[in-house]
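K.L.:
Quick one: the structure is below, questions incoming.
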Amino acid sequence: MSGTAYHALIRTHHITSRKKVARLKAAAKQFQCYALLRSGGIPGVMYVRGSDRSNVQKWVDTVHDLRYKDYQLAAPVHAVPSELWRDSPQQDDDGLGCLEEVATVKEMATRMEARGLQRWWRVAMGFMQA
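The working numbering numbers the first residue of the sequence shown as 96 and each following residue consecutively.
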């Protein structure tokens, strides 16, 4: 990925509404962000990444406006420290403008680890202290 990337993490009670997921998918496309959702049960978790800070914030605002139960901005929009990125095909800009879903928190954690974000993810989720 060229330049600086920005990301955020959101927790909710659950993500089950297909209408809301469709809105988030449209927002990811509109704001050129990559979004990864843990949907289908409790808890709901959303990770978003993009190259433009304001667009990532707009995606986060879209989530907030959908009024998810127990909405919590676990990790506000912040620059991704360069040392967290690994050389991997998953880090390029091909994913911008798309939304992916996973079924389990474990699968989401695996995706975060593949991106070099395991410690950040665990702290943001409250699994460990900073």
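We put the CB at the ideal spot given by N, CA and C, even for glycine.
Quick one: is Gly190 buried, meaning 16 or more other Cβ sit within 10 Å of its Cβ, or exposed?
P.N.:
Here the question's residue 190 lines up with position 95 in the sequence shown. With 16 or more Cβ atoms within 10 Å of its Cβ, Gly190 is classed as buried.
K.L.:
By Cβ distance below 6 Å, which residues in the same chain neighbour Glu196 in space, the five residues on each side in sequence not counted?
P.N.:
Stepping through the sequence shown from its first residue, residue 196 is reached at position 101. Around Glu196: Leu132 and Ser134.
K.L.:
Could you tell me the boundaries of the beta strand (DSSP E) in which Thr107 lies?
P.N.:
Residue numbering aside, residue 107 sits at position 12 when the sequence shown is read from its first letter. Taken as a continuous stretch (DSSP letters only), the beta strand (DSSP E) holding Thr107 covers Tyr101 to Thr107.
K.L.:
Counting only runs that start and end within the region 108 to 184, where is the beta strand (DSSP E) found for 3 or more residues in a row?
P.N.:
Whole beta strand (DSSP E) segments, 3+ residues: 128 to 133, 139 to 145 and 167 to 174.
K.L.:
Please state whether the Cβ-Cβ distance between Gln167 and Ile105 is less than 9 Å.
P.N.:
Numbered from 1 along the sequence shown, position 72 holds the residue referred to as residue 167. Numbered from 1 along the sequence shown, position 10 holds the residue referred to as residue 105. Closer than 9 Å, so yes.
K.L.:
Only counting the same chain, and skipping five residues up and downstream in sequence, which positions put a Cβ closer than 6 Å to that of Trp216?
P.N.:
For the purposes of this step, residue 216 is taken as the residue at position 121 of the sequence shown. Contacts found: Met207.
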